[in-house]
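S.K.: Please find one structure pasted underneath; my questions will follow.
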């Protein structure tokens, strides 16, 4: 067996509380939820996500925080059950600068800062988790990788109680593996549950076990802890803001991602044209209700 070799983690996060804060809305607003490509998404800033999560954690609510990108939109056409997951989500981040730009083209309230995913709010999140002593459970990835991520995060954020569980188990509803993972989550009683098993497996697992999971904020986060361990290299954040993060990822993993980035988006052409037609009609008839 080949031993997994992970790069050294030498980044020391700055204390974000010393930085100037941008103002943000602390209440949900009607116009933040919009329809794109037939799906409801929330145009929120990373700061707003964290504010809502803190509120939900304090209230001990069970909530689901999902994210949409072009890949998830394409997967909906092949996985009808996936729509039920997004219908259940309390907050749906837009993890795609092209989608945010498309929203703005349609006359919605999309701005660059509405691109929102784990890598955009990770520092804020771990600062809060450290300060408030949150229990955080991550389910997904290889055991060696998530153990490394846990060790690194625990070193920099010792106030957070972090546990990890690999994602290589039988995810079939009713399986013994599933029962074990759910029992582990219940016993730990986390405030935050990260599920990182790739789309659509992570979303369907959350949906199928939502009632049995403890009351907490549940995120679908993909390879979040692979990034924390250094097993995957994230694109510079400026590439995300410019909408070319996909190119960075494609160059680094062309075999796995070529279909996702070069072929899948074409399956959305009909939905894109439908949204454009709706937007044009709304502009020609301002008195009508678009969304």
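Residue numbers (our numbering): -16 to 274.
Glycine included, C-beta positions come from ideal geometry on N, C-alpha and C.
Since we're looking at a predicted model, the values are computed, not measured.
1. Have a look at 47, 20, 57 and flag the residue whose alpha-carbon is nearest the alpha-carbon of residue 244.
2. Would you tell me roughly how many angstroms separate the C-alpha atoms of residue 166 and residue 64, rounded to the nearest one?
3. Which whole-angstrom value is the C-beta distance of residue 128 and residue 209, which I expect to be below 8 Å?
4. Entirely within the region 152 to 201 and at least 4 residues each: give me those alpha helix (DSSP H) ranges in chain order.
5. Assuming contact is defined by CB atoms lying nearer than 8 Å, are residue 42 and residue 75 in contact in what I supplied?
6. Using a Cβ distance threshold of 8 Å, determine whether the region 84 to 101 contacts the region 125 to 141, with at least three qualifying pairs required.
7. Considering only residues of the same chain and omitting the five flanking positions on each side of residue 250, which have a CB-CB separation below 8 Å?
8. Nearest by alpha-carbon distance to residue 121: which of 238, 207, 45 is it?
9. State the start and end residues of the unbroken alpha helix (DSSP H) segment that holds residue 66.
10. What are the boundary residues of the alpha helix (DSSP H) that includes residue 76?
11. Hey, quick one: how far does the beta strand (DSSP E) through residue 240 stretch, first residue to last?
12. With a threshold of 16 other CB atoms inside 10 Å of the CB of residue 151, please say whether the residue is buried or exposed.
13. What is the DSSP secondary structure of residue 50, counted as helix, strand or coil?
14. Helix, strand or coil for residue 204 per DSSP?
15. Can you tell me whether DSSP reads residue 223 as helix, strand or coil?
16. Please list, in chain order, all residues of the same chain as residue 236 whose beta carbon is under 6 Å from its beta carbon, the five residues on each side excluded.
17. Please report the straight-line C-alpha distance between residue 201 and residue 44, rounded to a whole angstrom.
18. What are the start and end residues of the alpha helix (DSSP H) that includes residue 215?
M.R.: The structure says:
1. Closest by alpha carbon: 57.
2. So the alpha carbons of these two residues sit roughly 24 Å apart.
3. About 6 Å separates the beta carbon of residue 128 from that of residue 209, a gap short enough to meet the 8 Å contact definition.
4. Taking only runs of at least 4 residues, the alpha helix (DSSP H) segments lying wholly in the region 152 to 201 are 159 to 171, 184 to 192.
5. Cβ atoms of residue 42 and residue 75: not closer than 8 Å.
6. Flag = no, the region 84 to 101 and the region 125 to 141 do not touch.
7. For residue 250, where only same-chain residues beyond five positions count, the Cβ hits under 8 Å are 57, 60.
8. Residue 207 is the option with its Cα nearest to residue 121.
9. Going by DSSP, residue 66 is part of the alpha helix (DSSP H) stretching over 63 to 71.
10. Residue range 74 to 77 is occupied by the beta strand (DSSP E) that includes residue 76, with no alpha helix (DSSP H) assigned at that position.
11. DSSP places residue 240 in no beta strand (DSSP E) but in the uninterrupted alpha helix (DSSP H) bounded by 237 to 245.
12. The residue is exposed, with fewer than 16 neighbouring Cβ atoms inside 10 Å.
13. DSSP places residue 50 in strand when its eight states are reduced to three.
14. Three-state result, residue 204: coil.
15. Residue 223 carries a helical assignment under DSSP once its states are collapsed to helix, strand and coil.
16. For residue 236, where only same-chain residues beyond five positions count, there are no Cβ hits under 6 Å.
17. Those two C-alpha atoms are separated by around 10 Å.
18. Residue 215 -> no alpha helix (DSSP H), and no H or E assigned at all.
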